[in-house]
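Enquirer:
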Ligand code: SF4
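Put into structure tokens, the structure is as follows:
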């Protein structure tokens, strides 16, 4: 990891208008899916995002890739050729960026790229995505060779067939797929092998940044470990940065250098993985960790049961959003929103009383965490 910032997210907000039908007139309200999130991702780093369903983690990944338009904030991509604010791309530049991302998201037909000059320089496929479901995210009518070659052709990265084949063979080998696999169709593969194909496709154009959106959640535990190890090896070899989105904190901890914990569209804690895992400062992180599965059969397992449901983002509670479920809430928590502050080097938390708690956990590391 170089320490150089690749992606800078500043005050990112994503709101969706919701129309409620009334007897006389319709009412429009706003769902704040992401509400003022700031963080950065360094070159060669994996940042993990965790939180319950509806916490906004997938929306953040998609807003960075401009599959969803941010309502406010900035997403600065510090590329080799200069900085680009992805959140504020407009007109032709946005259309060209989207043309590439359409191919990644499979939302529409892909026109083989006519990008040239400045536009090509800016929007060469530097960002990519690995989906959760390795079954539905591969075209059943394409061979594995064509699937992996697709971003190279559609993104205008390579045009020469021999060069494309060489690149496909190289990335396939790195993803532990053999030459025989390249001639087959996706139905011939298991879930783990299909996810290797998805990873090979995402990395074929040598992107700087890949969003892995619940990419191992649909797999068995042993296959999850295999895919996590593959991603770590590829990162060491290629220097790619990952945003790793998952709901399972123990899986996120195995791959991430830093982890952000989200609750109803906001960060509650963001810290280096070790600090977050062994010395969490926020009661919500503490509760999530207490419920995370552990590899060590002798480890104490005493999950904290949070009362109540995660609040509806359409009507987020005032003050601290977690106060309706927090076992440590005090009267101030319902009135005043906690400040987002640094309580230790690189360790940020949003809780009025973070210094009062000692949630230190015994150092039984999940296996294979990055240094
Ligand atoms: Fe709990 Fe209050 Fe801290 Fe929120 S601010 S996490 S309610 S103690």
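In this note's numbering, the protein residues as written are 1405 to 1775.
For glycine and all other residues, C-beta sits at the position ideal for the given N, C-alpha and C.
Model, not experiment: these values are computed from the prediction.
#1: Within this structure, are the beta carbons of residue 1431 and residue 1424 separated by less than 8 Å?
#2: With a threshold of 7 Å, establish whether the CB of residue 1470 neighbours any heavy atom of the ligand SF4.
#3: Three or more C-beta pairs under 8 Å: does that hold for the region 1437-1455 against the region 1654-1662?
#4: With burial defined as no fewer than 16 other Cβ atoms inside 10 Å of the residue's Cβ, what is the status of residue 1766: buried or exposed?
#5: Grouping DSSP H, G and I as helix and E and B as strand, with all else coil, what is residue 1722?
#6: Which residues have a Cβ closer than 5 Å to any heavy atom of the ligand SF4, listed in chain order?
#7: Count the other CB atoms, across all protein chains shown, that sit within 10 Å of the CB of residue 1764; report buried if there are 16 or more and exposed otherwise.
#8: Provide the residue span of the beta strand (DSSP E) that contains residue 1416, from first to last.
#9: Just tell me which of 1595, 1657, 1694 and 1755 has its CA closest to the CA of residue 1676.
#10: Please report the straight-line C-alpha distance between residue 1520 and residue 1497, rounded to a whole angstrom.
#11: What are the boundary residues of the alpha helix (DSSP H) that residue 1437 is part of?
#12: What do you reckon, are the CB atoms on residue 1726 and residue 1674 nearer than 8 Å?
#13: Please state whether the Cβ-Cβ distance between residue 1533 and residue 1615 is less than 8 Å.
#14: For a test of the three-state rule: what should DSSP assign to residue 1730, helix, strand or coil?
#15: Assuming residue 1576 contacts residue 1604 under a Cβ cut-off of 8 Å, what Cβ separation, rounded to an integer in Å, is found between them?
#16: Excluding the 5 residues flanking residue 1646 on each side, which residues of the same chain have their C-beta closer than 7 Å to its C-beta?
#17: Pick helix, strand or coil for residue 1546, following the three-state DSSP scheme.
#18: Take residue 1723 and list the residues in its own chain whose beta-carbon comes closer than 7 Å to its own, dropping the five residues that flank it on each side.
#19: Hey, quick one: how far does the alpha helix (DSSP H) through residue 1563 stretch, first residue to last?
#20: Using alpha carbons as the reference points, say which of 1687, 1682 and 1477 lies closest to residue 1732.
Expert: According to the data block:
#1: Sequence index remark: in the chain shown, residue 1431 carries index 27 (1-based). Sequence index remark: in the chain shown, residue 1424 carries index 20 (1-based). A contact, by the Cβ cut-off of 8 Å.
#2: Counting from 1 along the chain shown, the entry for residue 1470 is found at position 66. No, the ligand SF4 has no heavy atom inside 7 Å of this Cβ.
#3: yes
#4: On the chain shown, position 362 is the one that residue 1766 refers to. Its Cβ having fewer than 16 others within 10 Å, residue 1766 is exposed.
#5: Counting from one through the chain shown, the residue named residue 1722 turns up at place 318. If DSSP states are grouped into helix, strand and coil, residue 1722 belongs with coil.
#6: 1687, 1724, 1726, 1727, 1730, 1732, 1733, 1737, 1742, 1755, 1756 and 1757
#7: The sequence position of residue 1764 within the chain shown is 360, counting from 1. Counting Cβ neighbours within 10 Å, residue 1764 comes out exposed, since fewer than 16 surround it.
#8: On the chain shown, residue 1416 is found 12 positions in, with the first residue counted as 1. Where residue 1416 is concerned, the enclosing beta strand (DSSP E) stretches over 1409-1424.
#9: Along the chain shown, read from residue 1 onward, the residue named residue 1676 stands at position 272. Among 1595, 1657, 1694 and 1755, the Cα nearest to that of residue 1676 is on 1657.
#10: Position 116 of the chain shown, counted from the start, is the residue given in the question as residue 1520. Position 93 of the chain shown, counted from the start, is the residue given in the question as residue 1497. With a pLDDT of 46 at residue 1520, under the threshold of 50, the modelled position of this residue cannot be trusted; read the value that follows with caution. Cα-Cα distance, rounded: 12 Å.
#11: Translated into positions along the chain shown, residue 1437 becomes position 33. No alpha helix (DSSP H) contains residue 1437, which is instead part of the beta strand (DSSP E) from 1431-1446.
#12: Taking the chain shown and counting its residues from 1, one reaches residue 1726 at position 322. Taking the chain shown and counting its residues from 1, one reaches residue 1674 at position 270. Not in contact: residue 1726 and residue 1674 (Cβ atoms no closer than 8 Å).
#13: Sequence index remark: in the chain shown, residue 1533 carries index 129 (1-based). Sequence index remark: in the chain shown, residue 1615 carries index 211 (1-based). Yes; because the gap between Cβ atoms is below 8 Å, this pair is in contact.
#14: Here residue 1730 is taken as the residue at index 326 of the chain shown, counted from 1. Here residue 1730 sits in coil by DSSP.
#15: As a position in the chain shown, residue 1576 is number 172, starting the count at 1. As a position in the chain shown, residue 1604 is number 200, starting the count at 1. Correct: roughly 5 Å between the Cβ atoms.
#16: The residue labelled residue 1646 in the question sits at position 242 within the chain shown. Here the set comprises 1450, 1614, 1616, 1635 and 1639.
#17: Against the chain shown, residue 1546 aligns to sequence position 142. Note: residue 1546 maps to coil in three-state DSSP.
#18: One-based indexing of the chain shown puts residue 1723 at position 319. So the list reads 1737, 1738, 1739, 1740 and 1741, once near-sequence residues are dropped.
#19: Taking the first residue of the chain shown as 1, we reach residue 1563 at position 159. That residue, residue 1563, is in no alpha helix (DSSP H); it is neither H nor E in DSSP.
#20: Working through the chain shown from its first residue, we reach residue 1732 at position 328. Per the Cα distances, 1687.
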